[in-house]
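S.K.: Before anything else, here's the structure in question.
Number of protein chains: 2
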Amino acid sequence: MATTIKAIAAAAGVSRGTVDRVINGRGGVSPEIEEKIKKLIIDMNYTPNRAGKVLAGLKKPMKIGCMLPSIDNPFYDDVILGLKQAERELHDFGVSLEISQVKGFNPNDHISAINDLVAKNISALCVSTVDVPAVQDVLNSIIQKGIPVVSINSDLSHTNRLCYVGCNYTESGKTAAGILNLIRKEPLEILIITGSLNMQGHNQRINGFIKTLQDKGIKYHIAGVIESMDDDHTSYIRTFSALKKYNQVNCLYITAAGVAGACRVVEEQKLQDQMTILTFDDVPSTRELVLKNVIEATICQEPFKQGYESIKILYDYSVNSAAPKKSRYFTDTVIKIKENI
Amino acid sequence: MATTIKAIAAAAGVSRGTVDRVINGRGGVSPEIEEKIKKLIIDMNYTPNRAGKVLAGLKKPMKIGCMLPSIDNPFYDDVILGLKQAERELHDFGVSLEISQVKGFNPNDHISAINDLVAKNISALCVSTVDVPAVQDVLNSIIQKGIPVVSINSDLSHTNRLCYVGCNYTESGKTAAGILNLIRKEPLEILIITGSLNMQGHNQRINGFIKTLQDKGIKYHIAGVIESMDDDHTSYIRTFSALKKYNQVNCLYITAAGVAGACRVVEEQKLQDQMTILTFDDVPSTRELVLKNVIEATICQEPFKQGYESIKILYDYSVNSAAPKKSRYFTDTVIKIKENI
DNA sequence: CTGAAAGCGCTTACAG
DNA sequence: CTGAAAGCGCTTACAG
């Protein structure tokens, strides 16, 4: 049987209330008694029982806010499933989620969604947002108020966020090059279709990719780099033009959304057989293209786990005062091909 | 606030004890009152609070037994880490693990290890064992005693095990062929090195592999099939002979342990460059060979998760009487290459 | 500065 | 067949 507050109180000859004050640093305990209890806690190897804490804490339930740019972005579907799974598991422990979904990456939209959540009295926040000063400032002021923040999928600089949970973008770019190295249809004439050159994650995927191509001594040439703006229509138009201009291209490296738009060009022009296509993430349209042998491999990042772990981390921090051990939790870089998708 | 036993009792005009009797089917309640309470439970949407259950159940702690053939088998290291992680998380809920490790696959050794666990008064069991009648009988008698059993990593037939948690062997074999299809150095002359032709999982890896090679229309020929007996020394000896005999082999497909032994032959004879090697699992020696570019890809099966989920499933079943929704929980088929291992 | 009591939701003897 | 009471480990007013 593990040590309890009751046992400590008996050993110290005080009441359980006093032991509780020391354990939780509520103050108002004489120095001698405080010392005595602290020593006992260590000697008797006391750790608070989570079930007891939960039950006592049921009177003041905890609401965790989540802000995601998930409208019209199927990538977030699995993130949300992960959030909800965590909510289900923690429901009996008094936890509920307040999920705020926005469309696009306008900082002002994100800020007002975040402020709305705070107004709804959340006691922790997880966000997937843009890393710009205006957003950083808002988050820092929230953190100052005692609301811990976890960044999902896209990290934040210059903030005291508790931790990041998401993709290792550089590694995922390297892995794409590793796959290409196995396939090896040299010389490679590569068209890079990125989401936005302003997105750090997308750039890391490009840099990791190129670095590994070089390290491996692969014969390649980057025909061009275009931006899809994470939009299938833009992606289609620009890929169409680019493939007309660079007609030697035999490899598409698509770092973000816009996969279906780019692949439509390839299919319409019947270029599947001579084109090696590498993409990221597993949204329904991408999955279909993998199953149709249009895309050779898509590299994924465990979105479900990103949602699930974020909530668990915030809960553990708030209730068990367990700070995360790492400042960045990278989910696995997962290679999916037709057979294991 | 969620509905509680107290609320139901008040609504029914009875004591909490009576409500508890109905909820847990302990009997001894008059039919009319039982009906009334059952209706109330549905109408008021009652679900038992786990924290309350846990606290009340702390007086009778729960011991879960685990039997693994893990001695001298590094594959199980991560399975055990997963078991221990679950134990840590459930420690405050009164759960402890009794892990029994054995060496090899002798049914009698497994049976006596299992019986020892039962003698230690475990209330649930997870096992990774051999699927033979003698073992099945022992497990069925244990299950009859009310001890639920989960099979890890290797499934059991003819038993009432609660569920299986482990690899999808057929899919992992297909995935190996999918990788080979991307690499395509036809014509392929393949040497299959399997663990044992008596192991269902190993055979499924072979069958899935060959089926997919055929479906893809890949030009291949199986030079031979040898058994490593999951042992590096045996693997080395037999691979050495086989490569001497079939000197056209340009691909090694290794379905189980014995990877390091087989690869030693390749390295000693400097065949790395002309040999495509596909393996399974991520043990230290395999990982090293992937990083050294000897192995092209190794296909993994989330061993940590296998351990972790097995315990969670047994716990949920025992405490929350939540039967698993599926009879087989397949962990993901994970492709690891140098860049993402 | 400290203690006694009540309560979170559930279960377990015990009494009738 | 049913109820009242005590208890699991912790926290929260309240009284002194």
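Protein chains in written order, with my numbering: chain A, 1 to 341; chain B, 342 to 682.
Backbone N, C-alpha and C fix where the C-beta goes; we use that ideal spot for every residue, glycine too.
From a predicted model like this one, the values you see are computed outputs, not experimental measurements.
Report the option in B/Gln426, B/Gly435, B/Ile463 whose CA atom is closest to the CA atom of B/Ser441.
M.R.: Among B/Gln426, B/Gly435, B/Ile463, the Cα nearest to that of B/Ser441 is on B/Ile463.
S.K.: With A/Pro303 and A/Asp78 assumed to form a contact (beta carbons below 8 Å), what rounded beta-carbon distance in angstroms separates them?
M.R.: At roughly 4 Å, the Cβ-Cβ gap stays under 8 Å, so A/Pro303 and A/Asp78 are in contact.
S.K.: Measure the beta-carbon distance from A/Thr333 to A/Ser154 and round it to whole angstroms, keeping in mind my assumption that it falls under 8 Å.
M.R.: Not confirmed; about 16 Å, so no contact.
S.K.: Just how far apart, CA to CA, sit A/Asp391 and A/Ala134?
M.R.: In the structure displayed, chain A extends from 1 to 341; residue 391 of chain A sits before or after that span and is not available.
S.K.: For the stretch 121 to 199 of chain A, which segments carrying the beta strand (DSSP E) assignment without a break, of at least 3 residues, lie completely within its bounds, in sequence order?
M.R.: Qualifying beta strand (DSSP E) stretches, in chain order: 124 to 127, 149 to 152, 163 to 166, 188 to 194.
S.K.: Check the Cβ-Cβ distances between B/Arg429 and every residue of chain A, and say whether any is below 8 Å.
M.R.: For B/Arg429, the answer is no, since every Cβ of chain A falls outside 8 Å of its Cβ.
S.K.: Whole alpha helix (DSSP H) runs in the stretch 245 to 297 of chain A with 4 or more residues, listed along the chain?
M.R.: Within the stretch 245 to 297 of chain A, the complete alpha helix (DSSP H) runs of at least 4 residues are 259 to 268, 284 to 291.
S.K.: Scan the stretch 348 to 359 of chain B for residues whose Cβ lies nearer than 8 Å to a Cβ of chain A and list them as they occur along the chain.
M.R.: Answer in chain order: no residues at all.
S.K.: From what residue to what residue does the beta strand (DSSP E) around B/Leu438 run?
M.R.: 436 to 442 is the span of the beta strand (DSSP E), which, as asked, contains B/Leu438.
S.K.: Tell me B/Ile682's beta-bridge partners as DSSP assigns them.
M.R.: None, per the DSSP bridge assignment.
S.K.: Between B/Asn593 and chain A, is there a C-beta pair that is closer than 8 Å?
M.R.: A quick correction: the sequence has Leu, not Asn, at residue 593 of chain B. So, not an interface residue.
S.K.: Please list the partners that B/Asp433 has in chain A, where partner means a Cβ-to-Cβ separation under 7 Å.
M.R.: Ordered by position in chain A, the residues that pass the 7 Å Cβ test against B/Asp433 are Asn49, Arg50, Ala51.
S.K.: Indicate whether B/Lys515 and B/Gly542 have their beta-carbon atoms separated by less than 8 Å.
M.R.: The answer is no: Cβ separation not under 8 Å.
S.K.: Would you kindly work out how many angstroms separate the C-alpha atoms of B/Glu650 and B/Gln426, rounded to a whole number?
M.R.: Taking the straight line joining both Cα atoms gives about 10 Å.
S.K.: Return helix, strand or coil for A/Phe105, following the three-state DSSP convention.
M.R.: The answer is coil: DSSP assigns A/Phe105 none of H, G, I, E or B.
S.K.: List the residues of chain A whose Cβ lies closer than 8 Å to the Cβ of B/Lys679, in chain order.
M.R.: Those within 8 Å of B/Lys679 in chain A are Gly178.
S.K.: Which first and last residues belong to the alpha helix (DSSP H) in which A/Arg16 is found?
M.R.: Taken as a continuous stretch (DSSP letters only), the alpha helix (DSSP H) holding A/Arg16 covers 16 to 23.
S.K.: What does DSSP give as the partner residue(s) for A/Leu68 in the beta ladder?
M.R.: Answer is A/Gln101.
S.K.: Give me, in chain order, the residues of the same chain whose beta-carbon lies closer than 8 Å to that of B/Ala319; leave out the 5 immediate sequence neighbours on both sides.
M.R.: In the structure as shown, chain B begins at 342 and stops at 682. Residue 319 of chain B is therefore absent and cannot be evaluated.
S.K.: Buried or exposed: which applies to B/Asp623, given that a residue is buried once 16 or more other Cβ atoms fall within 10 Å of its Cβ?
M.R.: B/Asp623 should be labelled buried.
S.K.: Kindly indicate the opening and closing residues of the alpha helix (DSSP H) around B/Val420.
M.R.: First-last of the alpha helix (DSSP H) with B/Val420: 417 to 431.
S.K.: If I measure Cβ to Cβ from B/Thr388 and keep anything under 8 Å in the same chain, skipping five residues before and after, which residues do I get?
M.R.: Counting only Cβ-Cβ distances below 8 Å, and skipping sequence neighbours, we find Ala343, Thr344.
S.K.: Alpha carbons only, please: which of A/Thr170, A/Gln214, A/Ile218, A/Ser157 is nearest the one belonging to A/Lys185?
M.R.: Nearest C-alpha to A/Lys185: A/Ile218.
S.K.: With the cut-off set at 8 Å, would you say A/Ile143 and A/Gly166 are in Cβ contact?
M.R.: Contact flag unset, no.
S.K.: Just to check my reading of the structure: B/Asp433 and A/Ala51 have Cβ atoms closer than 8 Å, yes? What is that Cβ distance to the nearest angstrom?
M.R.: Confirmed, Cβ separation roughly 6 Å.
S.K.: Once DSSP output is grouped into helix, strand and coil, what is the label at B/Tyr670?
M.R.: DSSP places B/Tyr670 in strand when its eight states are reduced to three.
S.K.: What does DSSP give as the partner residues of B/Glu568 in its beta bridges?
M.R.: Note: B/Glu568 sits in a beta bridge opposite B/Thr535.
S.K.: Taking only three categories from DSSP, how would you classify A/Lys312?
M.R.: Note: A/Lys312 maps to helix in three-state DSSP.
S.K.: List, in order along the chain, the chain A residues whose C-beta lies closer than 7 Å to that of B/Ile551?
M.R.: Per Cβ cutoff of 7 Å: no residues; B/Ile551 is ~13 Å from chain A at best.
S.K.: Using C-beta distances below 8 Å, list every residue in its chain close to A/Ile295, excluding the 5 sequence neighbours before and after it, in chain order.
M.R.: So the qualifying residues of the chain are Val259, Cys263, Ile277, Leu278, Thr279, Thr286, Leu289.
S.K.: Considering only their Cβ atoms, is the gap separating B/Leu466 from B/Val436 smaller than 8 Å?
M.R.: Result no, Cβ atoms of B/Val436 and B/Leu466 do not sit closer than 8 Å.
S.K.: In the DSSP assignment, find the beta strand (DSSP E) that holds A/Ile335 and state where it starts and stops.
M.R.: A/Ile335 -> beta strand (DSSP E) spans 334 to 336.
S.K.: In chain B, which residues lie less than 7 Å from A/Val54 when you measure between Cβ atoms?
M.R.: Within chain B, the residues near A/Val54 are Ala392.
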